[in-house]
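Start counting the sequence shown at 5; every next residue gets the next number (my numbering). Working notes for the structure below.
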Amino acid sequence: MTSSATFGDGNKGFEAGNIYGSVTHVSHASNTGTERREDAPQPSIVIPFARDKQFIDRGTLLDEIHERCGLPNARIALVGLGGVGKSQLAIEHAWRTRETSSTTWVFWAHASSAARLERSFHDIADRVKAAGRENTETNIFKLVHDWLADCKERWLLVLDNVDDARFLLDAENASSKTATRPLRDYLPHCEQGRILVTTRNEEAALSLVEQQDIMRVEPMSEAQSLALLRKKLGAQAHNANTKECAELVTLLEHMPLAIAQAAAYISQRAPLCSVTQYLAEFKKSERKQSSLLKYDKGQLRRDAEAKNSIITTWQISFEHIQQMRPSAAERLSLMSFFDRQGIPPSVLRVLVLHDEHEISQDGDDLNAEYPKEKDELQPVCTNDEIRNDRTTNPDIDIKDDIEKSLSDSQHKLASNPADDDEDDAFQEDITTLRSFCFISVNTDGTGFEMHALVQLATRTWLAANRKLERWREQFICNLDAVFPTGEYENWTVCGPLFAHVKVAAKQQPEGDPLLLKWAALLYRAAWYAWRRSNATETKLLAEQSLEIRKRLFGEVHKKTWSAMAMVAHAHSLIGQWDKAQKLEEEVLDKRRIKLGDNHLDTLISMGNLASTYSKQGRWDKAEELQLQVLEKHRIELGDNYDKAEELELQVLEKRRIELGDNHLDTLTSMNNLASTYYRQGRWDKAEELQLQVLEKRRIELGDNHLDTLRSMGNLASTYYKQGRWDKAEELELQVLEKHRIELGDNHVDTLTSMNNLASTYYKQGRWDKAEELVLQVLEKHRIELGDNHLDTLMSMGNLASTYSKQGRWDEAEELFRETLALQEKALGKDHLDTLDSISWIAFILEEQHRYQESLAFYERALNGFETTLGPEHSTTQACAEDIASVQKIMNNKADTSLSSSTEDISSEELDMSELVARLEQLTLSG
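This is the structure we're talking about:
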């Protein structure tokens, strides 16, 4: 007889409680004599477990079991992870069946192996007093089968823990010497019988029941988990904090066995241990979690041979899979490192580590490609009446740092397998893991999910077998192979993988070659996070990449500089201009030394730093750098826009010939030429090209592509400049709606679209509509960026200026004063935005005829403009004119008041003369 793999011959479901009634040990001795006749027994329950007084009702699940098992000849299988409570449900159903029908036989059989099943059948034969049972040569399986088939009463047979059904399928695998056919054949089909199976393995269940007769048992709900924890804690529950209890059952993923385990650990150590202390210990480390979940103390309602540790329970299943199908165990090992949700099939197909010699010495840069030429986004008009966010993103420092620009076939590691056999093997592995309930398929069918505790149990097993690092390396290599750059066209790939990269960021590997891959992966993920305006993740990932690159490449290497630039971008996203400046200055200095002043990367760094200086209000420094960049571009493009136009026309013509009118690079050239026309104020020419670009991008890229939306925004800006507000509004509404869908409500581009639309409403005099949008932008900026961020302050100013246009002077003044206080603190007293707020307050005071106060604020603004911009700047001179206007009003009012006062005095003097004369007359007459 061949041996078969088993699960430790024990019941692994969740059971606990007390045994009521007697337990009889039955030995089977040889009987060579004649058996005496016995009275037929009355129906009873043959189950080794008492009913659980602490049973937690799990909604309609038990009712459904009862309903299904109520049908004639029913065969039902409860399938779920070990420890999810399958056996506990079976025990409760068995007792309820007996409770509702005293004429029904209820039998329990341990079915984890042929030997245990045989012992259970002997117990059944003894209880029903089956004739011939004491004969050692009797086929006990046939004896029980025949008794059940002939039984006049209804009966229920529970087959517990049929996790490996192979011993049921072949007669030669049965441990019983008396079995002559597959053991499965000894389970009778008859009208009065019902069979309930519990198993962790769906494949095993399908050897006994139909697919439609499988009932999946999932973890408990939070309410059920909390109720179970409190019941198992007993007296300790009175001192347990509800919030902490909820957190604990969530960490235990609402698995009944894990909850009972934790409760037993706490109760047996009370009062030295509590839920609070257990929770604190559990959250310390993965190693501590594994230690706590290995706690294995016997529970009354579990088979003596069962394991009470949920970690051990799952590891037994894992070892079985490893014996049965090693490649499935390997995929489970790989999956244990991913985020528990949304694991794409593409990253699971490769199970062989890459040869370390294939990893290049400069960080996998051998196949590096530059990103496609980006559109030169035209700047849109600046509205003096309301400050707009109509700005472009700064150039990025990453052209020379793209480790990979992966093709679609590379993005999906094995979406096109080399042969059908490879794909079949993958599908078989997945089926095996799903059968054991270790993984499940997402609701949308695009990936897999698994319980975090299953992942922990798998990693614990790998660590114990010295395989943890090997599979951590595979995890990082597979992710590195599929995660592309962070440009928009790759977002559909990056999005589903990003959560897994965040997990990888917490698992720094060993060995320099793999560290290079890890740093490259984190850098590309930071790029994606930056494009999505996720400052926190950008900073975290870029800083980790930078640390490794500094260590492996040194301070003077293009990849180190690129990681530094990405960290600077993260600081810029959250308005930390000083930190961004420091990094950008360092990158610029090193690039100047290594690459020279005229290298494209050096110019990009200069432009980035100039942008940061501008944000800081350091206009002289910004202008100095911008002039240098402009001068070097003039050398390349010519000295004026006319020359740029000539060159762009040449490029456009060549691309049309070489690539065709609809090629994306041709459209880029058309857009850049339109940008030049825009700068020249040639709106009609710009509009003509922009319309063509927009139409072709809609065809080539679709309506929702960011480049298409960018073209719509550019055309809207031209309409805005032309004063065609209705046309601008129409496009801006579309851009805003699509940005919300593609990027989300809180993305910087979405907020910019809202601001642009608000500025159009502003121009149309639709103050209420403008106010509604600006209020939304302000609220989101406050939540995402904080009160002191430049964008938040700009939104506050926009809202205040909207109030002023509506004549709501008190609200406008209050908000501008609040904005001013924050600007002085965050930006400094001489920053242009600060000075602009001062001049706005002066204007509002002037409108309210509070001329003396207005003059003080105008003079304060003038001093700042003279210091920052110089006395000859148009803004400085405009402020001086405002002061002169207010002074003139004040002087005119003073002259008017003086004239009126003189007339009043003259009148008073005349009245007094008359009074004196009358007094004199009275005196004389007296």
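Virtual Cβ for every residue (Gly too), placed ideally from N, Cα, C.
Item to check | Residues of its chain near LEU472, where Cβ-Cβ distance is below 6 Å and the 5 sequence neighbours each way are ignored | outcome: For the purposes of this step, residue 472 is taken as residue 468 along the sequence shown, with counting starting at 1. Closer than 6 Å at Cβ, skipping near neighbours: LEU466.
Checklist entry - Are the stretch 196-216 and the stretch 157-168 touching, with three or more C-beta to C-beta distances below 8 Å? => result yes
Checklist entry - Hey, out of LEU200, MET219, LYS146 and ARG220, whose CA is closest to TYR190's CA? => result Numbered from 1 along the sequence shown, position 186 holds the residue referred to as residue 190. Nearest to TYR190 by C-alpha distance, out of LEU200, MET219, LYS146 and ARG220, is LYS146.
Checklist entry - Where do the N-terminal and C-terminal ends of the beta strand (DSSP E) with ILE51 fall, by residue? => result Here residue 51 is taken as the residue at index 47 of the sequence shown, counted from 1. No beta strand (DSSP E) contains ILE51, which DSSP labels as neither H nor E.
Next on the checklist: Is the beta carbon of LEU283 closer than 8 Å to that of GLU257?
Outcome noted: Against the sequence shown, residue 257 aligns to sequence position 253. Against the sequence shown, residue 283 aligns to sequence position 279. Not closer than 8 Å, so no.
Checklist entry - Is GLU453 helix, strand or coil by DSSP? => result As a first step, residue 453 must be located in the sequence shown, where it is residue number 449. In this structure, GLU453 counts as strand in the three-state DSSP scheme.
Item to check | Straight-line Cα distance separating LEU519 from ASP366 | outcome: Sequence index remark: in the sequence shown, residue 366 carries index 362 (1-based). Sequence index remark: in the sequence shown, residue 519 carries index 515 (1-based). At ASP366 the pLDDT is 36, less than 50, meaning the model places this residue with poor confidence; the figure from the coordinates comes in the next sentence. Going from the Cα of ASP366 to the Cα of LEU519 covers about 12 Å.
Checklist entry - From the DSSP output, which residues share a beta bridge with THR931? => result Since the first residue of the chain shown is 5 and the last is 930, residue 931 is not available in this structure.
Next on the checklist: Quick check on SER289: does DSSP put it in helix, strand or coil?
Outcome noted: For the purposes of this step, residue 289 is taken as the residue at position 285 of the sequence shown. DSSP places SER289 outside both helix and strand once states are collapsed to three, so it counts as coil.
Next on the checklist: In this structure, how does DSSP classify GLY14 when only helix, strand and coil are distinguished?
Outcome noted: Within the sequence shown, numbered from 1, the residue matching residue 14 stands at position 10. Reliability of the predicted coordinates at GLY14 is poor, the pLDDT of 43 falling under 50, and the value obtained from them is presented with this limitation in mind. GLY14 falls in the coil class under three-state DSSP.
Next on the checklist: For CYS73 and LYS506, what's the separation of their Cα atoms in angstroms?
Outcome noted: Counting from 1 along the sequence shown, the entry for residue 73 is found at position 69. Counting from 1 along the sequence shown, the entry for residue 506 is found at position 502. Roughly 47 Å separates the two Cα atoms.
Item to check | Segments of 3+ residues assigned as beta strand (DSSP E) that fall wholly inside the stretch 768-834 | outcome: none
Item to check | Neighbourhood of THR764 by C-beta distance below 7 Å, restricted to the same chain and skipping five residues each side | outcome: Stepping through the sequence shown from its first residue, residue 764 is reached at position 760. Counting only Cβ-Cβ distances below 7 Å, and skipping sequence neighbours, we find TYR724, TRP729, ALA732, GLU733 and GLU736.
Item to check | Supposed contact pair VAL351 and ASN482 - C-beta distance, whole angstroms, cut 8 Å | outcome: By 1-based counting over the sequence shown, the position of residue 482 is 478. By 1-based counting over the sequence shown, the position of residue 351 is 347. Contact between ASN482 and VAL351 holds: CB atoms are separated by about 5 Å, below the 8 Å threshold.
Next on the checklist: Going residue by residue through the stretch 144-175, where are the continuous beta strand (DSSP E) segments of at least 3 residues, counting only ones entirely within it?
Outcome noted: If we require 3 residues or more, the beta strand (DSSP E) runs fully inside the stretch 144-175 come out as 159-164.
Next on the checklist: So for ARG120, helix, strand or coil by DSSP?
Outcome noted: Position 116 of the sequence shown, counting from 1, holds the residue named residue 120. DSSP places ARG120 in helix when its eight states are reduced to three.
Checklist entry - By DSSP, does HIS114 sit in helix, in strand, or in coil? => result Locating residue 114 in the sequence shown gives position 110, counting from the first residue. Reduced to three states, the DSSP call for HIS114 is strand.
Item to check | Inter-residue Cα distance where the pair is VAL697 and ARG555 | outcome: The count along the sequence shown starts at 1 and reaches residue 697 at position 693. The count along the sequence shown starts at 1 and reaches residue 555 at position 551. One C-alpha to the other measures close to 46 Å.
Checklist entry - If you follow the beta strand (DSSP E) that ARG220 is part of, which residue opens it and which one closes it? => result Position 216 of the sequence shown holds residue 220. Element bounds for ARG220: 218-220.
Checklist entry - Whole-angstrom Cβ separation of ILE578 and LEU789, contact assumed at under 8 Å? => result Taking the first residue of the sequence shown as 1, we reach residue 578 at position 574. Taking the first residue of the sequence shown as 1, we reach residue 789 at position 785. So it is a contact: roughly 7 Å between Cβ atoms.
Next on the checklist: What does the Cβ neighbour count give for PRO875, buried or exposed, with the cut at 16 atoms within 10 Å?
Outcome noted: To locate residue 875, count along the sequence shown from 1; it is residue 871. It counts as exposed.
Checklist entry - In the structure shown, what three-state DSSP assignment does SER444 receive? => result As a position in the sequence shown, residue 444 is number 440, starting the count at 1. SER444 falls in the strand class under three-state DSSP.
Next on the checklist: Using DSSP's beta-bridge definition, name the partner residues of ILE347.
Outcome noted: Taking the first residue of the sequence shown as position 1, residue 347 is located at position 343. PHE452, per the DSSP bridge assignment.
Item to check | Inter-residue spacing [alpha-carbon to alpha-carbon] between THR254 and SER229 | outcome: As a first step, residue 254 must be located in the sequence shown, where it is residue number 250. As a first step, residue 229 must be located in the sequence shown, where it is residue number 225. Going by the C-alpha atoms only, they are around 9 Å apart.
Checklist entry - Of all the options PHE869, THR489 and ARG234, which has the alpha carbon lying nearest to the alpha carbon of GLY621? => result If you number the sequence shown from 1, residue 621 lands on position 617. It is PHE869 whose Cα lies nearest to the Cα of GLY621.
Checklist entry - Counting along the chain, where does the alpha helix (DSSP H) carrying ASN243 start and finish? => result Taking the first residue of the sequence shown as 1, we reach residue 243 at position 239. Counting along the chain, ASN243 falls outside any alpha helix (DSSP H), and DSSP gives it neither H nor E.
Item to check | Delimiting residues of the alpha helix (DSSP H) encompassing PRO517 | outcome: Within the sequence shown, the letter at position 513 stands for residue 517. 516-535 is the extent of the alpha helix (DSSP H) around PRO517.
Checklist entry - In three-state DSSP terms, what is ARG728? => result For the purposes of this step, residue 728 is taken as residue 724 along the sequence shown, with counting starting at 1. The answer is coil: DSSP assigns ARG728 none of H, G, I, E or B.
Next on the checklist: Can you find the residues in the same chain that come closer than 7 Å, C-beta to C-beta, to LYS619, ignoring five residues on each side of it along the sequence?
Outcome noted: Reading the sequence shown from its first residue, position 615 is the one you call residue 619. Answer for LYS619: TRP581 and LEU794, listed in chain order.
Item to check | ALA78, DSSP secondary structure in three states | outcome: Counting from one through the sequence shown, the residue named residue 78 turns up at place 74. Looking at ALA78 - three-state DSSP - the assignment turns out to be strand.
Checklist entry - Measuring CA to CA, which of ALA626, PHE557 and GLY558 is closest to GLU589? => result Mapped onto the sequence shown, residue 589 falls at position 585. Closest by alpha carbon: ALA626.
Checklist entry - What does a CB cutoff of less than 8 Å around CYS883 pick up in its chain, not counting 5 residues either side in sequence? => result Locating residue 883 in the sequence shown gives position 879, where the first residue counts as 1. Same-chain partners within the cutoff: SER843, TYR862, ALA865, LEU866 and PHE869.
Item to check | For GLU850 and LEU501, the rounded distance between their alpha carbons | outcome: Here residue 501 corresponds to residue number 497 of the sequence shown, with the count starting at 1. Here residue 850 corresponds to residue number 846 of the sequence shown, with the count starting at 1. Cα-Cα distance, rounded: 57 Å.
Checklist entry - If LEU336 sits next to LEU437, beta carbons under 8 Å apart, how far is it from one beta carbon to the other, in whole angstroms? => result Stepping through the sequence shown from its first residue, residue 336 is reached at position 332. Stepping through the sequence shown from its first residue, residue 437 is reached at position 433. Between LEU437 and LEU336 the Cβ distance is about 6 Å, and since that is below 8 Å, they are a contact.
Checklist entry - Which residue comes first and which comes last in the alpha helix (DSSP H) that contains HIS877? => result In the sequence shown, counting from the first residue as 1, residue 877 sits at position 873. It is not in any alpha helix (DSSP H) - HIS877 carries neither H nor E in the DSSP assignment.
Checklist entry - What is the DSSP secondary structure of ARG622, counted as helix, strand or coil? => result One-based indexing of the sequence shown puts residue 622 at position 618. ARG622 falls in the coil class under three-state DSSP.
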